[in-house]
Each structure stands twice: as C-alpha cells, then as structure tokens.
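Colleague: Questions regarding the structure given below will be posed in turn.
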Amino acid sequence: MELIKPDINIDFISKRRYAAVISVVLILVGLAALVLRGGPNYGVDFAGGTVVQVRFNQSTDAVQIKDLLVPEVLASAVVQRFGDEDNEFLIRAEESDNGLQGMRTALVQKLEQEYGDGSVEVRRVEMVGPQVGKDLRKKGLMAIVYAMVGILIYISWRFELRFAVGAIVALLHDVTLTFGAFSLFDKEIGLPIIAAFLAIIGYSLNDTIIVYDRIRENRGRYNDKSFADLINRSINDTLSRTILTSTTTLLVVLSLFIFGGGVIHDFAFALLIGVIVGTYSSIYVASPMLLLWDKFQNKKVQEKS
Amino acid sequence: MTNSIKLRGLLVLACVLLALASLAPTLMKDRLPTWWQNAFDPIHLGLDLQGGMHLVLGVEVDKAVESRLDSIIQETEVLLNDEDIIFKSVDRFDGERLKITVYDTDAGEEVDAVMREQFPSLEPMTIDGSSGYVEKNYRFSDKEIAQIKDFAVRQALETMRNRVDQFGVSEPVIQRQSDYRILIQLPGIKEPQRAINLLGKTAQLQFKMVVEDADIEAAKAGDLKPGTTLLYERDVDSRTGKVTERPLVVSDRSSLTGDLLSDAQVRIDTRFNEPYVAIDFNAAGAKRFDQITAANVGQRMAIVLDDTVYSAPTIRERISGGSAQISGAFTEQEATDLAIVLRAGSLPAPVNILENRTVGPSLGHDSIEQGINSVLIGAVLVIIMILVYYRGAGIVANTALVLNIIFIMALLGMFKATLTLPGIAGIVLTVGMAIDANVLIFERIREELRNGKSARIAIDSGYAKAFVTIVDANITTLIAAVVLFQFGTGPVKGFAVTLSIGILASMFTAIFVSRLIFDFFLDVRNVRKISI
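Chains as they are written, first to last, in our numbering: chain U, 628 to 932; chain L, 130 to 661.
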C-alpha cells in the first residue's frame with residue numbers, strides 16, 4: 628500500500644508564512660490562557676500541598692464532599708471528580724505540613740461519619756512540602772534546559788550550528804504550545820508532565836532530524852536547486868515516513884489516552900498534543916528556520932560588502 | 130546457509146532464549162524451580178503499581194546542634210562547680226552559641242582554660258564586658274557543626290532502619306538524600322498512618338523530676354522559674370475517648386534518658402487489663418536509676434516522651450533492679466508502637482515529612498491492568514497498520530516489534546529497574562517510535578526498488594542509508610532520556626529507564642533482527658522479489 632505517491636511534490640515552503648501566523652496565533656492563545664488563569668496550574672509536585680484520591684461505595688458529588696471537609700478538616704480544598712463514575716474524587720488541599728497529625732485519618736473519619744463506616748477508601752495520597760515543591764520545580768526546568776543544551780551540542784556536531792538552532796526553535800515551539808494547551812484546558816502541571824515534555828522533545832527531534840538528514844543528503848545530489856526547493860524536496864521525500872510514523876505513534880498514544888486510566892490521563896494528553904505539534908513543527912518550524920538563518924546570513928554578508 | 134546468517138541467527142536466538150528465561154519468573158512466579166527463580170529476578174514494580182508509601186523526611190539538624198550544645202552546657206556547669214569557679218550563668222544563646230557569664234576577668238581566664246581543655250572543638254569568641262559582667266562566648270567551628278549535622282542524619286538513618294525492621298515490611302528502601310533528607314519507601318504497606326506515626330516520632334524518652342512547689346497558674350501565663358519547664362500530661366478516657374491534659378512543671382534537666390535503655394516490651398497489667406510498656410535499663414542506666422530513686426524517695430518523677438508527660442508516678446522506694454514501666458492511657462496498638470520506637474532508639478533530632486506519596490493496592494492494581502491494556506491495544510493497532518501497509522515486510526517489522534517488547538521487559542528485570550506507570554507509558558511510546566526505524570528502512574528500500582534495483586541491492590542500500598538517520602534520531606532521544614534519568618525521582622525515573630532501554634532494544638530489533646530475516650529469505654530461500 629502507498630498513501631503518498633513517490634513523485635509527490637507539495638509546495639510546503641511557500642506556505643511557511645501562513646504556518647508562521649498559525650503558530651504565532653496558537654502560541655498567543657496559549658499565553659493568553661496562561662495569563663488569564665494567573666500563571667501555570669502547578670500540581671502538588673511543584674506547588675506543594677496535598678492530593679487525596681478517595682473512592683466511595685456510593686455515588687455522591689464534589690460539592691457535598693467539599694462542604695463536609697471545609698472548613699472543619701481543611702482550611703480550603705478543591706474537590707474534583709476522578710474518572711468517569713461519580714464515586715471517585717480528588718481532594719486537593721494547600722496544607723502540606725500536617726502530615727504527622729494525620730490529616731488522612733481526620734478526613735476519613737469525617738467522611739465516614741456522613742457516608743457510613745467502611746464506605747470510604749483512600750486510594751492515593753500525595754503530600755509535597757513547599758520546599759520540596761520548589762526544588763522539584765527548579766529541577767524540572769533545569770532538566771528541560773539541560774536536555775536542550777545536550778541536543779544542541781549533538782546536532783551542531785553531527786550537522787551544523789544552524790540546524791541545531793532550527794531544531795531548538797522547533798522544540799521551544801512544541802513545548803510552548805503544549806504548555807499553552809495545558810493552560811487552555813486548565814490541566815495541572817506535575818512531575819509526569821515534565822517527563823512528557825521531555826518525551827515530546829525527543830519525539831519532535833526525531834522527526835526533525837529525519838528531515839534534516841534528507842536535506843544534508845540531497846544537498847550533494849541537487850546542486851542546481853535553490854535552498855528553498857531543496858528543503859521542499861527533502862520534506863516530500865520523507866513525507867510518507869513522517870505520516871506513517873506519526874500515525875503509529877498517535878495510535879499508541881491515543882490508546883494510552885483512552886485506556887491508560889485516570890492517573891496517566893494528563894500525561895497521555897501532553898503526548899497527544901506533543902506528537903501532533905512535533906510532526907507539524909519539523910515541517911513548518913525547523914525547516915523554514917534554516918531558510919531564515921540563510922537569509923539573515925546573506926544580509927550580513929551584503930552589509931559587510 | 131552462509132556462516133554469517135548462521136552466526137547472526139544463533140545470536141538472536143540466544144538473546145530471545147535469555148530474554149524468555151529471565152521473564153519466566155515474572156510471568157509464572159511459583160511454578161518454576163527455585164534455581165531458576167534465584168537466577169532471574171521478576172520485574173520490580175514501582176510503588177505506584179504495587180501500592181505503598183514513599184516518604185521524604187527532613188531531619189531538623191539545627192536542633193541536633195542545639196541539643197549538643199545543651200548537653201555541653203550541663204557538663205560545663207558540673208565542671209565549673211567541680212573546679213570551684215564562681216559563675217553567674219551558663220546558657221545557650223542565639224541558637225548556636227554557648228555563653229558563660231562570670232563576675233571578673235580572672236574567673237574568665239579560668240573558664241577559658243577549662244573550656245580549652247575539655248571542649249577543644251569550641252571556638253572562643255569576643256568578650257563583652259559592657260554589662261559589668263564578663264561574658265565568655267563559645268561556638269562550634271563550622272567543621273564541627275557540619276559533623277554534628279552529618280552525624281545526626283546518619284544516626285536518624287540508622288534509627289529509621291531499626292524502626293522499619295521492627296514494623297515488618299518486605300523490601301523497604303531507606304536512603305540518605307542530599308540536604309539532610311531521608312527517603313523511605315515501604316512497598317505494600319497496609320496502615321500508612323501508623324507508619325507515619327511510628328517513623329515521625331522523635332522518641333526522646335526522658336525522666337524528669339516534678340517541681341512540686343511551682344505555681345501552675347503562673348507557669349501557664351509564661352512565668353517560669355529558671356531551670357523549669359511546663360509540660361502536659363495527656364490522658365485519654367478509654368470509654369469516651371475524651372482527651373484531658375494536666376499541666377505539670379518539671380525540671381529542665383533530665384535525670385535519665387532513653388539512651389540507657391536495653392529493652393522495651395509490652396505487658397498487660399492484670400489488675401486493670403491495661404497495656405503498659407516495661408523498660409529495662411542497661412548497666413549504666415540501672416546504676417543511675419538506682420541513685421536517682423534513692424535520692425528522691427517521696428517525690429514524683431515524670432516520664433516524658435517528646436515533651437509529653439506519659440505518667441508521673443511518686444517514687445515510693447529506691448529501685449535497684451534496673452527496670453521501670455511506662456503506663457498511661459494506651460491502646461494495645463499504641464503500647465506496641467511505643468515499645469518499638471523505644472527499642473529502635475530515639476532520633477537525634479526531630480524529623481518532619483517533606484513529601485509523602487501513598488498509593489493504595491487497589492489503585493495500583495487498576496493501574497497495572499489499564500497500563501497493560503493500553504500497551505496491548507496500541508501494539509495490536511500498530512501491528513495491523515504495518516501489516517496492511519507493508520504486507521510481507523510488515524511481518525518482518527512486526528516480528529521485530531514483538532521481540533522489542535520482550536527485550537524491554539527482560540532488560541528491565543535484568544537491570545533490576547523498577548517498572549512504574551509512566552514507565553509503561555514509556556513502553557507504549559517506544560512501541561510507536563520503534564516502528565519508525567523499520568519505516569525509514571522500508572521507505573528507502575521502496576525508493577531503491579522504484580529506481581529499478583534488484584531486491585538484494587535495494588535491501589543492502591536501504592539499510593545502509595537509513596542507518597545513519599536512525600542512529601542520529603535515536604541518540605538525540607536518548608539524550609533527553611538520560612537527562613530525565615538524572616533529574617528524575619520515582620515514577621519519572623521509571624519513564625526514563627523504559628524509554629532508554631526501549632531505544633536501545635529497538636535499534637537491535639529494527640536493524641539487526643529485521644535485516645537477518647530479509648537475508649535469510651534472500652540468500653537461503655532464494656527469494657527474488659520482496660513484498661513491501
């Protein structure tokens with residue numbers, strides 16, 4: 628079977644300005660959402676606090692749980708339904724320092740008073756102190772920075788600096804867009820999301836390198852073509868592979884998103900956005916960046932002479 | 130058959146057999162002979178999958194420095210009295226400083242001499258004579274402070290080990306982390322709150338004399354005589370569960386501490402059928418206890434644990450057997466836990482919980498099930514798609530893919546790595562990406578075939594050309610995974626591990642194994658046309 632005909636020649640590069648507009652608009656939407664929500668929505672990993680996941684043996688609703696707990700057990704709390712059924716909830720509180728005094732016990736006691744003994748099962752507790760949260764936030768940011776620096780060095784060594792810069796711009800684009808999507812859908816940023824970001828970086832780069840590799844190869848083959856045509860030819864050469872691999876990756880990520888369960892739902896969401904954006908960016912961000920760099924260089928040369 | 134194919138075939142076969150052998154203990158645990166189970170560990174599940182508790186405790190090391198200073202203060206007072214040096218006061222000042230106030234400079238010099246001889250680790254500081262007295266200040270050197278802090282963490286680590294041992298958890302992890310932190314992982318724990326209570330307790334047992342003539346009301350208002358402290362005796366009514374607190378003024382100085390214990394056991398008081406904790410002192414403790422009880426007959430002695438008075442019995446007679454009992458309003462559970470912490474020893478400084486992640490076994494179980502389902506569904510979808518797209522060659526790629534998953538699982542077991550929920554996600558992602566290498570190769574082969582090359586040449590150059598691309602693409606992903614591993618804690622580390630292993634395994638299966646299958650059909654079966 629062939630989805631993409633071998634002699635295909637879609638003119639991607641001429642539409643790069645439209646793509647740039649789309650990218651910028653999407654990034655701005657994400658940033659606007661971020662600003663409107665008053666900064667990123669950090670989960671307990673980064674903000675500190677406590678999350679308790681409880682399951683009841685009967686249906687109930689978030690408002691009722693919150694009314695029971697606030698202010699008697701917790702000073703403030705956000706209660707959210709977890710999963711598809713209305714018997715499982717996440718209770719998020721800002722407190723983190725009373726782990727020793729048994730917040731868990733107090734919480735269960737209060738809920739069992741209302742719903743009956745043995746009706747409440749605590750399935751998960753995550754408590755992170757403010758100091759640890761701060762450390763993790765710093766470490767998470769540093770991880771992304773270190774990964775980018777490492778990649779920059781490797782690509783400059785294997786290709787050229789301009790390729791590395793193009794790849795990094797594409798990565799920043801992907802991470803920013805995914806981050807924006809998280810703000811837009813008001814999803815929490817926790818430790819696993821940082822892992823997802825790094826996976827996105829890895830994936831997007833994978834995609835970019837394959838196009839770059841083709842550009843490097845084709846450069847020897849077609850001396851007569853302009854650089855823009857060369858890039859376009861290379862994107863078309865690898866298009867079949869790009870579509871096929873993106874589809875298989877999307878299939879598995881989708882399966883993770885749908886069947887992986889609530890704990891990993893947001894993680895899969897990040898990957899889903901990342902795979903789509905990463906595929907797009909290797910065609911419309913990483914490659915046009917090479918052209919932009921070229922123009923910039925030519926201008927500098929002209930100014931000098 | 131050529132030698133090369135034979136050799137490569139044997140290598141792949143050996144890898145597959147080894148992988149299956151190492152996976153067997155995971156898949157069918159108890160039906161294997163013991164030597165087999167000993168040879169290969171089953172895959173270790175993370176706390177998020179098997180349920181359990183992950184704690185990070187911070188040791189308040191500053192308190193350890195303070196209490197070291199406090200004990201030096203006590204020793205100093207005794208020393209100065211012994212040397213007949215007249216002093217006004219010895220106290221702790223500004224957290225980390227020891228201040229001795231004397232009346233004249235001669236006494237000051239004598240103090241200096243004594244301190245130099247007895248506590249060479251203390252550095253003398255500026256003398257300030259403004260208030261008419263001579264103040265001698267001493268502080269620990271920075272090196273000494275670092276040592277005290279380090280020792281406190283090491284001792285806390287040891288105590289935690291003892292406590293966890295007594296608590297009875299299989300395969301616990303107790304590690305020191307940076308910044309005076311201790312990581313404790315307790316897999317499969319059933320009573321998380323009890324574990325927290327047990328681990329978090331400083332368990333400093335002290336015996337202090339009750340100051341009978343103190344004015345309780347004044348003490349409550351904050352007006353305490355020097356050298357005394359206000360503590361509360363806690364009493365729980367066993368029927369109503371009501372807690373009453375009785376104030377008590379006790380001497381600052383402890384007559385005896387829990388360091389001198391040799392054993393602690395739960396016993397039941399037959400008269401009231403109430404549990405109590407029987408403690409035995411070691412030789413030094415027994416001697417000291419004997420002296421104290423002899424000197425204070427008729428007075429009350431408070432038994433204080435972490436600043437709460439458990440009981441304050443009156444000493445009726447001299448007790449020389451070296452044993453005592455702590456009674457209070459305990460439940461049997463509380464008494465058992467108290468005995469555990471007393472046996473395990475006290476913490477040199479209080480700890481606080483910086484991080485606590487507890488996953489119940491039912492959630493872990495659900496996560497495994499959902500994780501495995503999503504891997505299987507994802508893999509089946511990919512396999513079907515590749516089969517439809519590449520037909521014959523698709524079978525080759527799918528064989529490589531299935532082997533890839535088997536190798537990842539086997540390597541996880543062999544490296545004793547931990548499989549976490551994000552780790553499963555890493556496998557899912559690898560499944561999606563591993564096929565990429567084969568797609569790259571196959572697209573190249575198709576190109577070559579279109580250019581009219583023979584199957585043999587198309588495959589050779591397809592592999593050769595795609596190889597560089599695959600290596601470049603995978604190494605960059607590997608860089609991201611390695612960074613993640615360095616930074617990662619717990620579950621995230623699991624993701625980095627499976628992603629890295631997945632990348633390495635996929636290079637082997639997608640390049641080496643798939644090539645072998647093609648070569649086999651081309652050279653041995655003399656196939657001239659490939660279905661791709």
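From the three backbone atoms N, C-alpha and C, an ideal C-beta is built for every residue, glycine too.
Between which two residues does the alpha helix (DSSP H) containing L/D271 stretch?
Modeller: Where L/D271 is concerned, the enclosing alpha helix (DSSP H) stretches over D271 to F296.
Colleague: Using 8 Å as the threshold, is the C-beta distance between U/L898 and U/A797 below it?
Modeller: For U/L898 and U/A797, no; Cβs fall outside 8 Å.
Colleague: Roughly how many whole angstroms lie between the Cα atoms of U/S861 and L/V504?
Modeller: Going from the Cα of U/S861 to the Cα of L/V504 covers about 33 Å.
Colleague: Identify the continuous alpha helix (DSSP H) that holds L/A593 and give its terminal residues.
Modeller: L/A593 -> alpha helix (DSSP H) spans A584 to F616.
Colleague: Kindly list, in the order they appear in chain L, the residues whose Cβ is closer than 8 Å to that of U/A774.
Modeller: Within 8 Å Cβ-Cβ: I608, A609, V612 and L613.
Colleague: In the region 561-577 of chain L, which residues sit with their C-beta less than 8 Å from some C-beta in chain U, listed in chain order?
Modeller: Per Cβ criterion, the list reads G561, M562, I564, D565, V568, L569, E572, R575 and E576.
Colleague: Would you check if the distance between the CB atom of L/F401 and the CB atom of L/A453 is smaller than 8 Å?
Modeller: No. Outside cutoff.
Colleague: Return no unless some Cβ of chain U is closer than 8 Å to the Cβ of L/E484.
Modeller: Yes, L/E484 lies at the interface with chain U (some Cβ there is under 8 Å from its Cβ).
Colleague: Find the residues of chain L that neighbour U/K766, judging by a C-beta separation of less than 7 Å, and give them in chain order.
Modeller: F616, listed in chain order.
Colleague: Rounding to the nearest angstrom, what Cα-Cα distance links L/R573 and L/E498 in this structure?
Modeller: Approximately 39 Å between the Cα atoms of the pair.
Colleague: Could you tell me the distance, in whole angstroms, from the CA atom of L/R585 to the CA atom of L/T638?
Modeller: One C-alpha to the other measures close to 20 Å.
Colleague: Could you name the residues of the region 544-562 of chain L whose beta carbon sits closer than 7 Å to any beta carbon of chain U, in the order they occur along the chain?
Modeller: From the region 544-562 of chain L, only L550, P551, A554, V557, L558, V560, G561 and M562 have a Cβ closer than 7 Å to chain U.
Colleague: Does DSSP classify U/D744 as helix, strand or coil?
Modeller: Coil at U/D744, not helix or strand.
Colleague: Pull up the distance between the alpha-carbon of L/S218 and that of L/R283, whole angstroms please.
Modeller: Distance between the alpha carbons of L/S218 and L/R283: 33 Å.
Colleague: Using alpha carbons as the reference points, say which of L/E225, L/L530 and L/D308 lies closest to L/D279.
Modeller: Nearest C-alpha to L/D279: L/D308.
Colleague: Comparing C-alpha positions only, which one of L/T234, L/E212 and L/Q276 sits nearest to L/Q247?
Modeller: L/Q247 has its Cα closest to that of L/E212, out of L/T234, L/E212 and L/Q276.
Colleague: Run through chain L and tell me which residues come within less than 8 Å of U/I778, C-beta to C-beta.
Modeller: Those are T605, I608 and A609, listed as they occur along chain L.
Colleague: Which residues in chain L have a C-beta closer than 8 Å to the C-beta of U/V890? List them in chain order.
Modeller: By Cβ distance, chain L contributes D177, L492, S496 and L550.
Colleague: Compute the Euclidean distance between the alpha carbons of U/F673 and U/E753, then round it to the nearest angstrom.
Modeller: Going from the Cα of U/F673 to the Cα of U/E753 covers about 12 Å.
Colleague: U/F896 CB to nearest chain L CB: under 8 Å?
Modeller: No, no contact with chain L.
Colleague: Just to make sure I have the definition right: I need the residues of chain L whose C-beta is within less than 7 Å of the C-beta of U/F886. Which are they?
Modeller: Under the 7 Å cutoff, chain L gives Q499, N502, S503 and I506.
Colleague: Is the shortest distance between the beta-carbon of L/F637 and the beta-carbons of chain U less than 8 Å?
Modeller: So, not an interface residue.
Colleague: What whole-angstrom Cβ distance do L/I553 and L/G500 have, given they're in contact under 8 Å?
Modeller: Yes, L/I553 and L/G500 are in contact; Cβ-Cβ is about 4 Å, under 8 Å.
Colleague: Is there at least one Cβ from chain L nearer than 8 Å to U/S882's Cβ?
Modeller: Judged by the 8 Å Cβ criterion, U/S882 is in contact with chain L.
Colleague: Considering only DSSP beta bridges, list what L/P253 is partnered with.
Modeller: Paired residues: L/Y267.
Colleague: In three-state DSSP terms, what is L/P316?
Modeller: Looking at L/P316 - three-state DSSP - the assignment turns out to be strand.
Colleague: Does the CB of L/A324 have a neighbour CB from chain U at under 8 Å?
Modeller: No, no contact with chain U.
Colleague: Using a C-beta to C-beta distance shorter than 7 Å, which residues of chain U count as neighbours of L/L327?
Modeller: Neighbours of L/L327 on chain U: none; closest Cβ ~11 Å, over 7 Å.
Colleague: List the residues of chain L whose Cβ lies closer than 8 Å to the Cβ of U/L655, in chain order.
Modeller: Near U/L655 there are no residues of chain L at all, since even the closest Cβ is about 27 Å away, more than 8 Å.
Colleague: What are the residues that DSSP puts in a beta bridge with U/Y669?
Modeller: In DSSP, U/Y669 forms a bridge with U/I816.
Colleague: Strictly below 7 Å CB to CB, what residues from chain U border L/D601?
Modeller: Within 7 Å Cβ-Cβ: R785, I836 and D840.
Colleague: Is U/L818 close to chain L, meaning its C-beta is less than 8 Å from at least one C-beta of that chain?
Modeller: At least one chain L Cβ lies under 8 Å of U/L818.
Colleague: Below 6 Å CB to CB, which residues in the same chain sit around L/L558 once its five sequence neighbours on both sides are set aside?
Modeller: Result list for L/L558: empty, nothing under 6 Å.
Colleague: Closer than 7 Å by beta-carbon distance: list the chain U residues that pair up with L/V185, in chain order.
Modeller: The answer, in chain order, is V759.
Colleague: Given a threshold of 16 other Cβ atoms within 10 Å of its Cβ, counted over all protein chains shown, does L/R245 qualify as buried or as exposed?
Modeller: With fewer than 16 other Cβ atoms within 10 Å, it is exposed.
Colleague: Is the beta carbon of U/A770 sitting closer than 8 Å to the one on U/I821?
Modeller: Yes, the Cβ-Cβ distance between U/A770 and U/I821 is below 8 Å.
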